[in-house]
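Take a look at the structure set out below.
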DNA sequence: CTATCCCTGTGTGCTATTTCACAAATCTGT
DNA sequence: ACAGATTTGTGAAATAGCACACAGGGATAG
């Protein structure tokens, strides 16, 4: 593997970028590792060390130029140009994702959405029409899609992932509550709100007298 | 801090639980650290070490009883009984979250949803009605809500978080694309699909001849 | 021009996390 | 009852990640 930058560093860069975008919006011209760190709850040394993996972007005594550092981070993350993405699953979640303006604002364009349910195929979501999942392989190749989001039930997610990969997709964001098995060269990230909630409840106290009853199984 | 178990360990437990739930659904009675690890892409030693923080749950030569380990993990994560949650923001995302069956299936109950837009207040989502955000403080206390999900635009998220905390909320799942400033004793987790996408693009190649144009700023 | 202050980039040591590897416990088949 | 095959729980070793602290470049003010 020719990539020496730790994965955990890469995963922090988008947060730095997000903070910089907000500063830029507010017209701020320069910032410092200290200020960034305070905003993000990270030590300033960590930020400097992370950035040092890629070059020297700051000026001693001054700090970082917001706009310049932002450009550099975009270059590093390869998000200067638009990426097309496909969404699989046109349920409530799929709808919310297709309609989410944040993708476009941050250089991701939802180019197509698929569903396997014949009743959903053809219905419009925003400016798109739901396409038939049986056409997915072909359409992915046509559109040269490299990134996809899985928003189907857990039981179908593995099959969908395999189909996506066969269609040329190299990065998958999986909303289905299941760990997927993918080749090493395919990137995968998971979003599961319940998992996030469950790691917080560990730290909570059960104070309430009347505990709410569990769902019967 | 009386809690010696590393945070990173706590964050893996829900994944173990999720895999166990699936095994239980399939009628599987016993499993092993090896099998769990294979499913989750984690080493078996890691799983054994993680579990050892809390006790001895397996039998040498046999492995773990799926049902027993599942119960234990639920106990450790304090999710044996139902937790009530509040959702703030009744946009597309808020709708999808309120309608998401996965919360209820995994012992979280969406008890209320708020929005600040008078036009949305009173409209039904599933079996709930959108409540006015100005009533939030009072309602949170009435319902004794400890967990909330923020699904409002970034510019309002900090204010909403502060209000939630004042209302007694101790754990926040934030979907707004901004890092929030909260007291140490409040748990916070973030979900931002764009951040997830951006850490994957780093690993992708820009192969396509015709790069898609960036959104003009 | 000089003194002072500010802030980066980084070598170094420290802490946290993961992996290794093995004794002991349990099961299976004969 | 015993040999061989499994699999746990866990010290010890290895690896990874983080924070400290400071030299040195640059800004500022007088």
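Residue numbers (the working numbering), protein chains in the order written: chain A, 1487 to 1703; chain B, 1487 to 1703.
Ideal Cβ placement from N, Cα and C applies to all residues, glycine included.
Query: Local Cβ density within 10 Å of residue 1683 (chain A), reported as buried at 16 or more and exposed below that; Result: buried
Query: Near-chain A residues of the segment 1495–1529 of chain B (beta-carbon distance less than 8 Å), N- to C-terminal order; Result: 1496, 1497, 1499, 1500, 1501, 1503, 1504, 1505, 1508, 1525, 1526, 1527
Query: Identified DSSP bridge partners for residue 1633 (chain A); Result: A:1571, A:1657
Query: Alpha-carbon spacing of residue 1490 (chain B) relative to residue 1543 (chain B), whole angstroms; Result: 19 Å
Query: Closest residue to residue 1516 (chain B) among B:1637, B:1620, B:1553 (Cα-Cα distance); Result: B:1553
Query: Other residues of its chain near residue 1494 (chain B): CB distance less than 6 Å, five sequence neighbours each side excluded; Result: none
Query: Per-residue burial, residue 1590 (chain A) [other beta carbons within 10 Å of its own, 16 or more giving buried]; Result: exposed
Query: Contact with chain B by residue 1648 (chain A), beta-carbon distance below 8 Å; Result: no
Query: Short Cβ contact (8 Å threshold) for residue 1719 (chain A) with residue 1675 (chain B); Result: For chain A, the structure presents residues 1487 to 1703; residue 1719 (chain A) sits outside this window and is missing.
Query: Residue-level contact to chain B via CB, residue 1670 (chain A), 8 Å cutoff; Result: no
Query: Whole-angstrom distance between residue 1567 (chain B) and residue 1654 (chain B), CA atom to CA atom; Result: 19 Å
Query: Beta bridge counterpart(s) of residue 1494 (chain B) as assigned by DSSP; Result: For residue 1494 (chain B), which the question treats as bridged, DSSP gives no partner whatsoever.
Query: Chain B within 8 Å of residue 1582 (chain A), Cβ atoms only; Result: yes
Query: Residues of its chain near residue 1680 (chain B), where Cβ-Cβ distance is below 7 Å and the 5 sequence neighbours each way are ignored; Result: 1663
Query: CA nearest to the CA of residue 1667 (chain A), picked from A:1678, A:1500, A:1645; Result: A:1645
Query: Whole alpha helix (DSSP H) elements within the segment 1500–1579 of chain A, 4-residue minimum; Result: 1519–1526, 1530–1538, 1552–1562
Query: Residue 1586 (chain A) - partner residues in DSSP beta bridges; Result: Beta-bridge pairing links residue 1586 (chain A) to no other residue.
Query: 9 Å Cβ cut-off: residues of chain A touching residue 1653 (chain B); Result: By Cβ distance, chain A contributes nothing, its closest Cβ being about 15 Å from residue 1653 (chain B), past 9 Å.
Query: Given residue 1569 (chain A) as reference, the closest of A:1557, A:1598, A:1614 once Cα atoms are compared; Result: A:1598
Query: Interface positions of the segment 1674–1688 of chain A facing chain B (Cβ-Cβ less than 9 Å), listed along the chain; Result: 1674, 1675, 1676, 1677, 1678, 1679, 1680, 1681, 1682, 1683, 1684, 1685, 1686, 1687, 1688
Query: Euclidean distance between Cα positions of residue 1488 (chain B) and residue 1623 (chain A); Result: With a pLDDT of 43 at residue 1488 (chain B), under the threshold of 50, the predicted position of this residue should be treated as unreliable, though the coordinate-derived value follows. Taking the straight line from one Cα to the other gives about 53 Å.
Query: Contact with chain A by residue 1588 (chain B), beta-carbon distance below 8 Å; Result: yes
Query: Rounded straight-line distance, which links the Cα of residue 1613 (chain A) to that of residue 1619 (chain A); Result: 18 Å
Query: Anticipated Cβ contact below 8 Å, residue 1732 (chain B) with residue 1637 (chain B), distance rounded; Result: Residue 1732 (chain B) is absent from the structure shown; chain B starts at 1487 and stops at 1703.
Query: Contact set between residue 1594 (chain A) and chain B, taken where Cβ atoms lie within less than 8 Å; Result: 1680, 1683
Query: Rounded C-alpha distance that separates residue 1583 (chain B) from residue 1546 (chain B); Result: 42 Å
Query: For residue 1526 (chain B) and residue 1643 (chain A), the rounded distance between their alpha carbons; Result: 15 Å
Query: Closest residue to residue 1540 (chain A) among A:1520, A:1606, A:1561, A:1531 (Cα-Cα distance); Result: A:1561
Query: Member of B:1633, B:1665, B:1615 whose CA lies at the smallest distance from the CA of residue 1652 (chain B); Result: B:1633
Query: DSSP three-state assignment for residue 1615 (chain A), whether helix, strand or coil; Result: strand
Query: Inter-residue Cα distance where the pair is residue 1497 (chain A) and residue 1688 (chain B); Result: 9 Å
Query: When B:1579, B:1648, B:1605 are compared against residue 1678 (chain B), the one with the closest alpha-carbon; Result: B:1579
Query: Chain-order list of residues whose beta-carbon lies under 8 Å from that of residue 1556 (chain A) (same chain, five-residue window excluded); Result: 1503, 1506, 1507, 1510
Query: Near-chain B residues of the segment 1601–1617 of chain A - C-beta to any C-beta below 7 Å; Result: none
Query: Option in B:1519, B:1518, B:1537, B:1530 with minimal Cα separation from residue 1499 (chain B); Result: B:1537
Query: Burial state of residue 1605 (chain B), where buried means 16 or more other Cβ atoms lie within 10 Å; Result: exposed
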